[in-house]
Amino acid sequence: MLPWNGFRAHGPHLRFDPHTPPARNQPGTGVWYGASGPTPALAEAFQVGRTIDRWRGAPYLTGLRFTRDMRLLDLATDSTASWPTRAGGTFAISTAPHSITQRWARRITEAFPDLDGLRYNSRFAGEPCIALFLPAASAMPTRPALSLPLSHPGLALRIAGAAQRLGYLVI
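Residue 47 is where the sequence shown starts when you use the working numbering, and the numbers rise one by one after that.
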């Protein structure tokens, strides 16, 4: 399990992992995934079983504020630009098979080595998410703005609302 601000060096596994196949530990390559709010975070984290388990594995909801402005390539459908189209792709990049999106992530990080990451749409909530690459490590705060276990009573209503919106169960 990685800390809340840890970049995963093992991959590729997920949508925008820039790691070179086959999956293995790759020092010097890393990725960190985040969401624009609790609903897309819960949608992404619990997509497999579509059940938000507030207890198993002691999951946390963590919010943070980056210490500097982020340099993100905007691939989200609400983007004011059209980078995916200009680059020969489409906005379907947020939902394409991982083999394709991982290849895009590798090419993007090669072409723009100082880029902090990508802003894209969650496949499950439709809201913005981000995939950060190693240059973004310098923008991580030393402490999160908020970090509570999902079992915290103060999160119960927010989790229930997100689950209802997503059609997920809560246990």
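Glycine included, every Cβ here is placed at the ideal spot set by N, Cα and C.
Reduced DSSP category for Ser-184 - H, G, I as helix; E, B as strand; rest coil: helix
Beta carbon of Gly-163 nearer than 7 Å to that of Ile-176: yes
Simplified DSSP state of Arg-204, which is helix, strand or coil: helix
3-residue-minimum beta strand (DSSP E) runs that sit fully inside the segment 82-150, ordered along the chain: 106-109, 118-120
Beta carbon proximity, Glu-90 to chain C, threshold 7 Å: The structure shown contains no chain C; it is built from a single protein chain.
Buried versus exposed, by CB contacts within 10 Å (16 or more), Arg-61: buried
Under 7 Å between C-beta atoms of Gly-76 and Ala-55: yes
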